[in-house]
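Here the numbering used here is used: the first residue of the sequence shown is 6, the next is one more, and so on. Glycine included, C-beta positions come from ideal geometry on N, C-alpha and C.
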Amino acid sequence: MTTPFTPPEKKLVTLIPGDGVGPECVRAAQRIIEAVGANVRWEERQAGASVFRQGIASGVPQDTIESIRRTRVALKGPLETPVGFGEKSANVTLRKLFETYGNIRPVRELPGVATPYSGRGIDLVVVRENVEDLYAGIEHMQTPGVAQCLKLISSKGCEKIVRLAFELALAEGRTRVHCATKSNIMKLTEGTLKRTFEKVSREYPGIEAQHIIIDNCAHQLVKKPEQFEVIVTTNMNGDIISDLTSALVGGLGFAPSANIGNEVAIFEAVHGSAPKYADKNVINPTAVVQSAVMMLRHLGEFEAAAKIEHAILVTLEDGKVRTGDVVGYDKGASTSAFTEAIIANLGRRSGRYQVRAYKPIALPKIDPAPDFVKAKDRRVVGIDIFIESSLSPEELGKSLEHLAAETATKLKMISNRGTKVYPTTGAMTDCVDHWRCRFILPDPKGDLDDLAIFGLLQRVASQHRWMHLEKLPEFDGETGFTRAQGED
Ligand code: NAP
6 MTTPFTPPEK KLVTLIPGDG VGPECVRAAQ RIIEAVGANV RWEERQAGAS VFRQGIASGV
66 PQDTIESIRR TRVALKGPLE TPVGFGEKSA NVTLRKLFET YGNIRPVREL PGVATPYSGR
126 GIDLVVVREN VEDLYAGIEH MQTPGVAQCL KLISSKGCEK IVRLAFELAL AEGRTRVHCA
186 TKSNIMKLTE GTLKRTFEKV SREYPGIEAQ HIIIDNCAHQ LVKKPEQFEV IVTTNMNGDI
246 ISDLTSALVG GLGFAPSANI GNEVAIFEAV HGSAPKYADK NVINPTAVVQ SAVMMLRHLG
306 EFEAAAKIEH AILVTLEDGK VRTGDVVGYD KGASTSAFTE AIIANLGRRS GRYQVRAYKP
366 IALPKIDPAP DFVKAKDRRV VGIDIFIESS LSPEELGKSL EHLAAETATK LKMISNRGTK
426 VYPTTGAMTD CVDHWRCRFI LPDPKGDLDD LAIFGLLQRV ASQHRWMHLE KLPEFDGETG
486 FTRAQGED
């Protein structure tokens with residue numbers, strides 16, 4: 006007796022149509038996935054503008070969060086954060102809620118989409134750190150006229166994103182990874198990514214690893230983009246260069262992305278809700294369809310993914326049905342006609358354009374301990390007190406020297422917007438009322454304790470308005486702070 010065939014259980018995916026052009030693009034992807042017969046079923050949930058309007062301040066309702074927690078995979082359209090309905094973007098909320106620390110943004114040259122780069126074979130992936138950096142969104146007004154945004158970069162976050170980039174290269178058969186940072190200026194934050202990259206790259210001897218300064222990376226991307234295969238970078242840098250890379254291959258209509266975490270993955274186009282095209286049936290759905298292809302590979306549906314990717318290539322190569330962003334909106338095919346063309350081409354293969362062989366990405370598993378990096382030895386060598394004052398550098402310097410006279414520390418220098426202004430160096434700094442006042446222990450082996458800090462702070466506060474403190478640490482003999490411009 007033969008065992009009756011039981012079809013494999015379909016993989017459940019949370020489907021979020023999103024705002025503006027989102028529903029049109031997401032429905033196109035849904036139709037194509039159903040037509041290819043992929044092993045997927047949907048659980049539809051809401052997020053974005055309509056949810057903000059219901060008064061849910063995060064833009065993401067609890068049943069959407071619960072659905073993603075259960076399915077672990079989401080395909081979403083773009084979400085708007087309407088003015089006056091909440092401060093935080095619902096997109097960023099979703100990325101952070103599920104610790105999707107890696108934003109993978111591939112672009113490749115496409116047939117029938119003419120750009121100044123056509124024929125050069127662009128095929129690269131930006132791997133953007135997705136939850137840290139300036140996007141931690143920790144901002145403060147320090148004085149009425151000076152704002153601060155904290156750029157937080159952790160060794161753990163860098164280790165995860167760098168390993169993800171190398172593992173992605175292995176899974177996609179790529180041989181070169183660039184790390185793009187601004188470590189020449191931000192030696193501690195951006196420098197952490199560079200140092201982590203240099204350390205981790207030794208574990209991947211088969212992959213060429215190269216560091217590049219982010220501004221030169223932007224320059225090289227415009228000049229010779231075909232030299233890049235994978236670029237790993239911090240959140241802000243990645244945000245900017247991935248829009249640039251999408252323009253190299255025809256624009257946001259062709260730029261997919263995956264937000265990858267160790268538990269959850271969320272797939273979406275790079276583009277937003279493009280409100281001027283909403284409900285007009287003219288938008289190019291390719292970026293969302295390509296994001297769905299990435300999702301199918303994540304789910305292990307490699308055959309269905311390759312079939313859809315080939316069908317996109319064939320449709321573009323045939324060039325009979327092209328959307329308005331490629332040929333002009335007066336001449337472009339409708340979103341639904343383009344979707345039908347892709348469906349009709351399922352099963353066909355492009356002769357000239359190849360589809361890569363993919364393997365599952367081995368997601369990095371690293372020590373979950375919050376104190377991922379431990380110091381054996383640590384001390385505090387001084388303190389920066391940030392003061393709001395309209396005094397001149399000379400007046401402020403003299404006053405602080407006097408106040409510190411009977412404490413364990415002495416005033417080393419004052420800087421304004423990063424440049425040392427006291428003792429004077431002759432710099433022509435255009436000073437504002439925000440001063441970083443650096444007090445250090447004269448004893449080079451000393452350790453400044455909290456009691457001494459409170460004592461100093463009390464004396465400073467008796468005459469000045471302070472708003473911020475930073476301890477000056479040393480971990481295992483390494484200085485844990487930078488000098489001001491002009492400080493010796
Ligand atoms: P956008 O929606 O990405 O649109 C900017 C421009 O990009 C469009 O005007 C259009 O250019 C082009 N474009 C976008 N999608 C396209 C597609 N599928 N095919 C062809 N061209 C496309 O950016 P935005 O106008 O700055 O943002 C609108 C809203 O989306 C905002 O509320 C923003 O916060 C949100 N947003 C959401 C996400 C997300 O959910 N992940 C991402 C970005 C923005 P042309 O005008 O040249 O035709």
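### Query
From Glu213 to Val182, what does the alpha carbon distance come to, in whole angstroms?
If I take the Cα positions, the gap works out to 6 Å.
### Task
At 3 residues or longer, and completely inside the stretch 269 to 328: list those beta strand (DSSP E) runs for me, N to C.
Within the stretch 269 to 328, the complete beta strand (DSSP E) runs of at least 3 residues fall at 270 to 274.
### DSSP beta-bridge partners of Tyr427
Answer is Ile419, bridged to Tyr427.
### Query
Is DSSP giving Cys436 helix, strand or coil here?
In this structure, Cys436 counts as coil in the three-state DSSP scheme.
### Query
What do you reckon, is the C-beta of Leu80 under 7 Å from a heavy atom of ligand 1?
Annotation for Leu80 indicates a beta carbon at 7 Å or more from all heavy atoms of ligand 1.
### Task
State the beta-bridge partners of Glu104 as determined by DSSP.
As DSSP reads the structure, Glu104 sits in no beta bridge.
### Query
Taking three-plus beta-carbon pairs below 8 Å as touching, is the stretch 139 to 148 in contact with the stretch 340 to 355?
Because the criterion of three Cβ pairs below 8 Å is not met, the stretch 139 to 148 and the stretch 340 to 355 do not touch.
#### Entry: Straight-line Cα distance separating Leu257 from Ser251
If you take the alpha carbons of Ser251 and Leu257, they lie about 6 Å apart.
### Task
Select from Val132, Ala283 and Pro261 the residue whose C-alpha is nearest the C-alpha of Arg168.
For Arg168, the closest alpha carbon among the candidates Val132, Ala283 and Pro261 is that of Val132.
### Query
Is Leu84 near ligand 1, in the sense that its beta carbon is under 7 Å from a heavy atom of that ligand?
Checking the Cβ of Leu84 against ligand 1 gives yes.
#### Entry: C-alpha gap between Asp248 and Ala174, whole angstroms
Approximately 21 Å between the Cα atoms of the pair.
### Query
Excluding sequence positions up to five away, which residues of its chain have a Cβ less than 7 Å from the Cβ of Ala310?
Val298, Leu301 and Arg302, listed in sequence order.
### Message
Out of Val88, Thr424, Phe57 and Glu114, which one is the CA nearest neighbour of Asp493?
### Response
The option with the nearest alpha carbon to Asp493 is Thr424.
#### Entry: Residues that DSSP places opposite Ala185 in a beta bridge
Under DSSP, Ala185 takes part in a beta bridge, and its partners are Ile217 and Thr238.
### Message
What does DSSP give as the partner residue(s) for Lys16 in the beta ladder?
### Response
Note: Lys16 sits in a beta bridge opposite Val45.
### Task
Below 8 Å CB to CB, which residues in the same chain sit around Val118 once its five sequence neighbours on both sides are set aside?
Counting only Cβ-Cβ distances below 8 Å, and skipping sequence neighbours, we find Val254, Gly255, Phe259, Leu321 and Val331.
### Task
May I ask which residues mark the beginning and end of the alpha helix (DSSP H) holding Leu364?
Looking at the sequence shown, residue 364 is not Leu but Lys. Element bounds for Lys364: n/a, residue is neither H nor E.
### 4 or more residues per run - each alpha helix (DSSP H) lying fully within the stretch 372 to 421
List check, alpha helix (DSSP H) in window: 398 to 409.
### Query
What residue from Pro22, Arg357, Ile313 and Ile317 has the CA that sits closest to Asn96's CA?
When only C-alpha atoms are compared, the closest one is Pro22.
### Task
For the alpha helix (DSSP H) holding Ser72, just list the boundary residues, first then last.
Counting along the chain, the alpha helix (DSSP H) containing Ser72 begins and ends at Gln67 to Thr76.
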